[in-house]
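**Q** Numbering (mature numbering (1 follows the signal peptide of the UniProt record, and there is no 0)), first residue to last: -25 to -1, 1 to 87.
Backbone N, C-alpha and C define an ideal beta-carbon position, used for all residues, glycine too.
First, the structure itself, so that you have it in front of you.
As structure tokens, this is what we get:
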């Protein structure tokens, strides 16, 4: 029984040591700066997927998804709510990087 306890305690200590080393390695890595130029996203209001709340903040399921994706690559996202045709025009002329709620059509495929 004593041998079992010593093996158990040794295993536990090795596990703790390994966990502490992995967390130390993560904290020693330099934090990457967020890219200075945000990704610009345009959308037409479509609750609950994307909308601007009463405080002027973009909300919704698609907004949350894009924010999470941008965070994973250390980018920020800037959202604008506009009519659909204006969103498409902004993407076409380069003032917006991305537009939500776009289906694949011949007219839209020409500049994608």
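Along the beta strand (DSSP E) that carries residue 14, what are the first and last residues, could you check?
**A** Counting from 1 along the chain shown, the entry for residue 14 is found at position 39. Here the beta strand (DSSP E) through residue 14 covers 14 to 18.
**Q** Skipping 5 residues on each side, what residues in its chain have a beta carbon closer than 8 Å to that of residue 22?
**A** Translated into the one-based positions of the chain shown, residue 22 becomes position 47. Cβ neighbours of residue 22 beyond the five flanking positions: 35.
**Q** Does DSSP classify residue 24 as helix, strand or coil?
**A** Translated into the one-based positions of the chain shown, residue 24 becomes position 49. Residue state, collapsed to three classes: coil.
**Q** Report yes if the C-beta distance between residue 26 and residue 75 is below 8 Å; otherwise report no.
**A** Looking up residue 26 in the chain shown gives position 51. Looking up residue 75 in the chain shown gives position 100. For residue 26 and residue 75, no; Cβs fall outside 8 Å.
**Q** Mind reading off the beta-carbon distance from residue 16 to residue 41? Whole number of angstroms is fine, and I expect it under 8 Å.
**A** Counting from one through the chain shown, the residue named residue 16 turns up at place 41. Counting from one through the chain shown, the residue named residue 41 turns up at place 66. With a contact defined as Cβ atoms closer than 8 Å, residue 16 and residue 41 qualify at about 6 Å.
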